[in-house]
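Asker: Here the sequence shown is numbered in our numbering, starting from -11 and rising by one per residue.
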Amino acid sequence: MQAIADIVSALRKECSEDYVGLWQISRVLTDANVPAIELSKLTLDVVSELLSDSRVDIGQFHDGVFVQWQGEAEAKISRVKTELQALRRPPDIGEIAWLAEQ
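What follows is the structure, encoded as structure tokens:
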């Protein structure tokens, strides 16, 4: 399995260039052979690591405009967790959230 630190580093670089969808994080982890049972937890770990960089934020597109989620990082991570649990499967393109350097 590819090291989570390497995955976070690559995704942080991508956030500086473009939006990174939650579905992309899930796919990268799946491609790194993360067991399905650990996918949600590691997705949250990666989101947490990305949000630890004050330049990276999370939100969703509304009418083509990126709207950042309000609140502290922990509240944002909790929201991702809740929405992942409600989805009950890995997110698909555009679902739940996007991350980007602001």
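We treat Cβ as the ideally placed atom computed from N, Cα and C, and that holds for glycine.
Give a yes or no on whether the C-beta atoms belonging to LEU75 and ILE65 are separated by under 8 Å.
Answerer: no
Asker: Beta strand (DSSP E) containing TRP86: first to last residue?
Answerer: 86 to 89
Asker: Closer than 8 Å is the cut-off here; do at least three beta carbon pairs connect the region 27 to 39 with the region -1 to 10?
Answerer: yes
Asker: Do ALA(-2) and ASP45 have their CB atoms nearer than 8 Å?
Answerer: no
Asker: Going by beta-carbon coordinates alone, are SER14 and THR31 separated by less than 8 Å?
Answerer: yes
Asker: Taking all protein chains shown into account, do 16 or more other C-beta atoms lie within 10 angstroms of the C-beta of ILE81, making it buried, or fewer, making it exposed?
Answerer: exposed
Asker: Using CA coordinates, which residue listed in ASP51, GLU71, GLY52, GLY47 is at the minimum distance from GLU60?
Answerer: GLY47
Asker: Are VAL(-4) and VAL34 touching if we call contact CB-CB under 8 Å?
Answerer: yes
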